[in-house]
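Student: Take the position in the sequence shown, starting the count at 1, then add 496; the result is the number in this note's numbering.
To start, I am sharing the structure in question, which I have written as C-alpha cells.
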Amino acid sequence: MRIRLLAGTGLLAISAALPVHAQAQDGGAALADGGDAEILVTGQRAQQERSIEIKRDALGILDAAAADEIGQLPDRNVAEVVERLPGVGVQYDQGEGRYVAVRGIPSDLNNYTINGFEVGNPDGNSRRLPLDVISGQLLNRVEVAKVRTADQPGQGIGGSINLVTQTAFDFREAFTVQATAQVGYQELNEEFPIRGDVSVGGRFGPDQQFGLLVGASYSDRTFRSAGIYPDDWAPVAEAARGGLPINLKYTDYELKRERIGATGSFDWRPSDDHQFYVRGLYSRFTEDEYRQRYRIDFANGGQELVDDGSIVLDPDGLSGTSTATAQRSDLRLEYKEKSVLALMAGGENRFGPWILDYGVARIHNEVIEPNQSWQFRNVDPVGPVDFDFTDPVFTAVPRTRVAAENLEFRSYSEQDERGEEDSWDARVNLTREFALGTDSFVRIGGRYRTTDKSFDSSNDSYGRGGSGNRFTLAGAGLVGADSIIEVDGQSYLISPTIDPQAIIAFTQGRLGGPLFVFDSEGSLADETLGDLDLEEEVIAGYAMANLDFGDVDVTAGLRVERTRLDIEGFQLQNGDTVIPATAESDYTNWLPSLIVRINPAPDLVVRLAYSRSVGRPQYSALSPGGEIEVEGNEASVSLGNPALRPYVADSFDAIGEYYFARGGLLSIGAFAKIIDNPIFTRSFTVVDGSFAGVAYDRISFSQPENARSGDIIGLEAAYQQQFTFLPGALSGLGVNLTLTLVDSNLQIETPDAVRTVAFPEQSDLLWGAQLFYQRGPVEASIAYHHTGRALISADSDPIADQSNDDLRRLDAKASFAVNDHVRLFVEAQNLTDEPTRQYQWVRRDWVTQNERYGRTWQLGASVRF
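Shown next, in the form of C-alpha cells:
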C-alpha cells in the first residue's frame, strides 16, 4: 500500500503539472504583469488570496491562513484556523480545537513560534502548545512551515507553526479602528457565550514612518457537555462486541472558559533600508470546570464473572445482567489557568547588497491548576444492573439505584499543580545579495535560546476514617440535585449527586481529622514524582544560499544546533524516602536542507526538497526522578531518562502547485519521513544486576528509551477556486478542498516482542470541503472537516491501546455589509452535534469516551473606521 501511495502521488503530481504548461500561459502572464492589481479584493477572498500569495513566495513548503483586509482571521482560536490547511489534524477538547498534529507528527514534536521566536508552552511538563490559549483575532496570519530552511529552528519534525502578530503597516489606511462583538446561544445549557475584540492603530510622522497598533480580545464561553466513559474493556467470548468494560461512568460537565488577549506593536521605518520594531502578545486562558459523575462497576473481571455466573448474557450477546456491581458518586471541581507573555524587539538594516536583521524575545509561560475531588461509594450490597449493548453508546441501568443513605465517603484529593517557563531567544542574520539572479543571496546567522522551566505538583490525598468516624452523603446533608444528560438520543440519570457548596463547607476544617484521614504515603508520591527544574540551552549557527537561475531556484543550507540540559528531579524510595536527583546531557545535531524550486510556466511551481529536523524529548521523560521499590533482594525501578536523544527526521518532499487564476490553486504533493530515535517506554528485567551501587537478585526496570526507527509517507492535495467566470450572482461562489492521506510505522519494543504501530495523533485520512460565497454586501460559507481516527497511546499489550475515533465538524457563517463601516454576521458551530469518541484496541465498538457538546449559534457585528 505504501509503495502504491508514493508512486500514485508522483504520477498525480506530474500529470497535474505537465498538461497545464500550455493551457495557462496567458492567464499566468496577466497575473505576473499585475494586470488586475488595481482591483480591490475584500473579505473571504482577500484572506484566500493573501494565503495563496504567501505560499507561492515561500522558499520552503509552507501553508498560511491570512487575515482579511480588516485583520480578521476566520476562526475563534489558532487551532481551528490551521485546521483548514492540508496536512493539519486537530484534537478537540470540550468541543474546541486544542492540539495540532502536522503530517502525522504528534503536537509535542512540532515547533511553535511567535514572529519567528520560539514560544515554548504553558502546558505543564510537555512541549505541546495548546493553541486554544491564543485568540486568532489579534493575528495577521498563521503559517505552517512543513519544510524548513537552514535559517529556521531545527525543532519540529512535522512542521513549525508561526503566529504573526498585527502591525499598523498591515492595513491600507493610515489610521484604523476595527471592533467585533458577538453573543451566542449554547443549546445544551441555554447559556450565552460572548466574544469581542478591538484593534486601534495608525501610521504617523511626516512620511508615516512610525506605526503604532494595540489590540485586545475577550471571550467567555459558558457551556455544558455530557459524556459516557466505559473503562478497560476485557475479552468476553460470549459478548457480541467481543468484550465488556469493567465500569461505566455517566458524566455531566459544566464549564466556563474565558480567554483574554492583548497585542501591541511599535514600528519605526525611517527609510526603505531601515526598520525597527517592538512587539508584544499576552494571552490568558482560564477554565472553571464542574464535573458530576455517576459510576457503575458491573464487569470487573470480564470472562471470569461470566464463567462464575455473576454476569449473565442474553442469547444475542448484546444484553444481560450483572450482579457483581458497585455504585459510586464523584464530584470534581477544577480550575485551569494558562498564560503566555511574549515581548520582542528587533530590526532590519540594509547597506547596499548587505542586509542585517536581528531580534531578541523574552517569553514567560505559566500554568496554574488546582482541583478538588470527592468520591462516595455504596456500603451495603446493591441489586443487579441490566445492560444493553445494541447501540454504539450502550446503557447500564441498576434495577435499584443506590440511595444517598447508602453512599459512604471514600476519598478526597486536593491537587495543586503549578509550572513556569522563562525563555530568552536571540537571533542575528546577515544576508549578501548578488546578481546571479533576481533573488540570489548568501546568508549566515546564529541563534541562542535558553529556557528555565519548573513544574511543581502536589496532590494531598485523604481516606475515610475508622468505623465510628464514617459518614454518608445523606447523613451529612450533602445531597445535590439530580441531573439528566442526553447522549446519542439516550437519556442517562445521574443520581444521587453531591452538592458542591455543601461538600466544600463540610470539608473545610476537617482535613487530617477523624473523618478525612491523611494518606501520607500516597500524598508524598504525588508531591515528588512529577516535580522538575530544567535549564535547556540551544546554540545554533547556519549558512545557506539561494541561487536564482531564472526558472530554477536552488536553496541549500546547513544548520548545526548544540543542546545542553541541566535537570533536577526527585526519586522516591520505598514510598517514604525522597532523594534529590540531578543530571546533565548534551548533544549536537547537523541539519542539512536542499530545496529546488522549478517554474516551468509563470503560473506553475514544482518544489523538490530534502531537510533534516529534530523533535526534542518531553520534559517529563528527561527527568532523572522516579520511583524505586525494594523488597528483600529484589527491586522495582521506574525512572525518567536524561540521556534521551531527540527524534531525528530526514524528510523528502515533491509538490506541484498550479496557480491557474487569481484566488485559484491546485496543488498535489507527496512526502516521506524517515525518523530515527523515536522514544518509547521500555520495561525489562535484569537478573543478578545492580542499581545505584547495590546488587540485587532481580531488578524490574521501566524507563523511556530511544527506539529503532519509524517512517511516515503521505499525499497532500488542495484545490481552491473563486468562480468569478460564472454569470451574475453565481460569480460569487467559490470552493476550497483539502485532502491528506498518511501511512506510518513506529517500532516500539515490548517485553515480549517488537510492535509496529502508527504514530500517536496520526490520522490516516484528513479532508475538508468549504463552499463560500461573496458578492456585493453578502458573504457566506459552509465548511466540513473530517479528521480520521488516530492512536492516542500504545501499550505493551495491544489490547490496551487507546485511539480517537473519526471526528466530523460542520460549521457555517454568513454576513451582510450594512455600509462601508458596519457588517452584521451569524455563525453556527457543530451543526451536526458531533460527539468526540475514543475507543480501545482496534475495536471501534469498545467505546471508552463519548462526549456531546451540542450546537452553538452566534450573532454579531463588526465595525471599522
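Quick reminder that beta carbons are idealized off the backbone N, C-alpha and C, glycines included.
Classify Ile-980 as buried or exposed, calling it buried when 16 or more other Cβ atoms lie within 10 Å of its own Cβ.
Tutor: Taking the sequence shown and counting its residues from 1, the one referred to as residue 980 is at position 484. Answer is exposed; the Cβ neighbour count stays below 16.
Student: Taking Cβ positions, are Asn-861 and Glu-783 nearer each other than 8 Å?
Tutor: As a position in the sequence shown, residue 861 is number 365, starting the count at 1. As a position in the sequence shown, residue 783 is number 287, starting the count at 1. No, these two residues do not count as a Cβ contact at 8 Å.
Student: Is it true that the CB of Arg-753 sits closer than 8 Å to the CB of Arg-1112?
Tutor: The residue labelled residue 1112 in the question sits at position 616 within the sequence shown. The residue labelled residue 753 in the question sits at position 257 within the sequence shown. Contact flag unset, no.
Student: Mapping DSSP to helix, strand and coil, what is Gly-632?
Tutor: The count along the sequence shown starts at 1 and reaches residue 632 at position 136. Three-state DSSP puts Gly-632 in a helix.
Student: Skipping 5 residues on each side, what residues in its chain have a beta carbon closer than 6 Å to that of Glu-576?
Tutor: Within the sequence shown, numbered from 1, the residue matching residue 576 stands at position 80. Hits under 6 Å: Gly-593.
Student: Which same chain residues end up closer than 6 Å to Tyr-608 when comparing Cβ atoms and leaving out the 5 residues on each side of it in sequence?
Tutor: Numbered from 1 along the sequence shown, position 112 holds the residue referred to as residue 608. Hits under 6 Å: Val-615, Leu-625 and Ile-657.
Student: According to the neighbour-count rule (16 or more other Cβ atoms, all chains shown, within 10 Å of its Cβ), is Pro-1010 buried or exposed?
Tutor: If you number the sequence shown from 1, residue 1010 lands on position 514. Exposed, because fewer than 16 other Cβ atoms sit within 10 Å of the Cβ of Pro-1010.
Student: Return the first residue and the last residue of the alpha helix (DSSP H) that Gly-1018 is part of.
Tutor: As a working mapping, residue 1018 is identified with position 522 in the sequence shown. Gly-1018 -> alpha helix (DSSP H) spans 1016-1024.
Student: Which residues in the same chain as Glu-1064 place their Cβ atom closer than 6 Å to its Cβ, once the five residues preceding and following it in sequence are excluded?
Tutor: By 1-based counting over the sequence shown, the position of residue 1064 is 568. For Glu-1064, where only same-chain residues beyond five positions count, the Cβ hits under 6 Å are Asp-1029 and Thr-1078.
Student: Any idea if Val-1343 is buried or exposed, counting beta-carbon neighbours within 10 angstroms, 16 or more meaning buried?
Tutor: The residue labelled residue 1343 in the question sits at position 847 within the sequence shown. Val-1343 is buried by the Cβ-count criterion.
Student: Does the distance from the C-beta atom of Phe-885 to that of Ala-641 stay below 8 Å?
Tutor: Mapped onto the sequence shown, residue 885 falls at position 389. Mapped onto the sequence shown, residue 641 falls at position 145. Not closer than 8 Å, so no.
Student: Assign Gln-648 to one of three DSSP states: helix, strand, or coil.
Tutor: Along the sequence shown, one-based indexing puts residue 648 at 152. Gln-648 falls in the coil class under three-state DSSP.
Student: Taking the alpha carbon of Gly-698 as the reference point, which residue from Gly-723, Trp-764 and Leu-740 has its own alpha carbon closest?
Tutor: Here the question's residue 698 lines up with position 202 in the sequence shown. Of the candidates Gly-723, Trp-764 and Leu-740, the one whose C-alpha sits nearest the C-alpha of Gly-698 is Trp-764.
Student: If you follow the alpha helix (DSSP H) that Val-1034 is in, where does it begin and where does it stop?
Tutor: For the purposes of this step, residue 1034 is taken as residue 538 along the sequence shown, with counting starting at 1. Note, Val-1034: premise wrong, no alpha helix (DSSP H); beta strand (DSSP E) at 1028-1044.
Student: Quick one: what does DSSP say Ala-1001 is sitting in, helix, strand or coil?
Tutor: For the purposes of this step, residue 1001 is identified with residue 505 of the sequence shown, where counting begins at 1. Three-state DSSP puts Ala-1001 in a helix.
Student: What is the residue span of the beta strand (DSSP E) that Tyr-1083 lies within?
Tutor: Indexing the sequence shown from 1 puts residue 1083 at position 587. 1073-1097 is the span of the beta strand (DSSP E), which, as asked, contains Tyr-1083.
Student: Restricting to runs no shorter than 4 residues, where is the alpha helix (DSSP H) found entirely within the segment 1301-1353?
Tutor: Taking only runs of at least 4 residues, no alpha helix (DSSP H) segment lies wholly in the segment 1301-1353.
Student: Out of curiosity, what's the CA-to-CA distance linking Leu-837 and Ile-859?
Tutor: Within the sequence shown, residue 837 is the residue found at index 341, counting from 1. Within the sequence shown, residue 859 is the residue found at index 363, counting from 1. So the alpha carbons of these two residues sit roughly 6 Å apart.
Student: Restricting to runs no shorter than 3 residues, where is the beta strand (DSSP E) found entirely within the segment 677-735?
Tutor: With a minimum length of 3 residues, the continuous beta strand (DSSP E) runs that stay inside the segment 677-735 are 690-700 and 706-727.
Student: Looking only at C-alpha atoms, which of Ala-1213, Gln-1217 and Glu-1245 sits nearest to Leu-1261?
Tutor: On the sequence shown, position 765 is the one that residue 1261 refers to. Residue Ala-1213 is the option with its Cα nearest to Leu-1261.
Student: Taking the alpha carbon of Val-875 as the reference point, which residue from Arg-906, Glu-865 and Ser-1289 has its own alpha carbon closest?
Tutor: Position 379 of the sequence shown, counted from the first residue, corresponds to residue 875. For Val-875, the nearest C-alpha among the options comes from Arg-906.
Student: When DSSP labels each residue in this structure, what does Pro-1200 get in the three-state scheme?
Tutor: Against the sequence shown, residue 1200 aligns to sequence position 704. Strand at Pro-1200.
Student: How far does the alpha helix (DSSP H) with Glu-800 in it reach, from first residue to last?
Tutor: Within the sequence shown, numbered from 1, the residue matching residue 800 stands at position 304. Taken as a continuous stretch (DSSP letters only), the alpha helix (DSSP H) holding Glu-800 covers 799-803.
Student: If I follow the unbroken beta strand (DSSP E) through Ala-597, where does it start and stop?
Tutor: Numbered from its first residue, the sequence shown carries residue 597 at position 101. That run of the beta strand (DSSP E) goes 592-598.
Student: Under the three-state reduction of DSSP, which class applies to Ala-1166: helix, strand or coil?
Tutor: The residue you call residue 1166 lines up with position 670 of the sequence shown. Of the three classes helix, strand and coil, the one that applies to Ala-1166 here is strand, per DSSP.
Student: Alpha carbon to alpha carbon, how far is Arg-1194 from Phe-1187?
Tutor: For the purposes of this step, residue 1194 is taken as the residue at position 698 of the sequence shown. For the purposes of this step, residue 1187 is taken as the residue at position 691 of the sequence shown. So the two alpha carbons sit approximately 10 Å from each other.
Student: Alpha carbon to alpha carbon, how far is Arg-720 from Tyr-1349? Give it in angstroms, no decimals.
Tutor: The count along the sequence shown starts at 1 and reaches residue 1349 at position 853. The count along the sequence shown starts at 1 and reaches residue 720 at position 224. Distance between the alpha carbons of Tyr-1349 and Arg-720: 7 Å.
Student: Could you tell me the boundaries of the beta strand (DSSP E) in which Ser-910 lies?
Tutor: Counting from one through the sequence shown, the residue named residue 910 turns up at place 414. Here residue 910 is Glu; the residue named in the question, Ser, does not match the sequence. From DSSP, the beta strand (DSSP E) with Glu-910 extends over 903-929.
Student: Below 8 Å, how does it come out for the segment 780-799 and the segment 818-833: are there three or more Cβ pairs, yes or no?
Tutor: As far as the Cβ criterion goes, the segment 780-799 touches the segment 818-833, which means the pair count is three or higher.
Student: Inspect the CB distances between the segment 795-805 and the segment 762-777 and report whether three or more fall short of 8 Å.
Tutor: Contact fails: fewer than three Cβ-Cβ distances are below 8 Å.
Student: Cα separation between Ile-940 and Arg-644?
Tutor: The count along the sequence shown starts at 1 and reaches residue 940 at position 444. The count along the sequence shown starts at 1 and reaches residue 644 at position 148. Between Ile-940 and Arg-644, the C-alpha separation is close to 15 Å.
Student: Do Gln-1354 and Gln-590 have their CB atoms nearer than 8 Å?
Tutor: Here residue 1354 is taken as the residue at index 858 of the sequence shown, counted from 1. Here residue 590 is taken as the residue at index 94 of the sequence shown, counted from 1. For Gln-1354 and Gln-590, no; Cβs fall outside 8 Å.
Student: Just how far apart, CA to CA, sit Val-1101 and Val-1048?
Tutor: For this step, residue 1101 is matched to residue 605 along the sequence shown. For this step, residue 1048 is matched to residue 552 along the sequence shown. Rounded to the nearest angstrom, the two C-alpha atoms are 10 Å apart.
Student: Would you say Ala-838 lies against chain D (beta-carbon separation less than 8 Å)?
Tutor: The chain inventory of the structure shown lacks chain D, comprising one protein chain alone.
Student: To the nearest whole angstrom, what separates the beta carbons of Asn-1173 and Val-1144, a pair I think is in contact under 8 Å?
Tutor: Mapped onto the sequence shown, residue 1173 falls at position 677. Mapped onto the sequence shown, residue 1144 falls at position 648. Indeed, because the Cβ distance is near 6 Å, the residues count as touching under 8 Å.
Student: Can you give the beta carbon distance from Leu-1211 to Tyr-1269, rounded, assuming they're within the 8 Å contact cut?
Tutor: As a first step, residue 1211 is located in the sequence shown; it is residue number 715 there, counting from the start. As a first step, residue 1269 is located in the sequence shown; it is residue number 773 there, counting from the start. That pair is no contact at about 29 Å.
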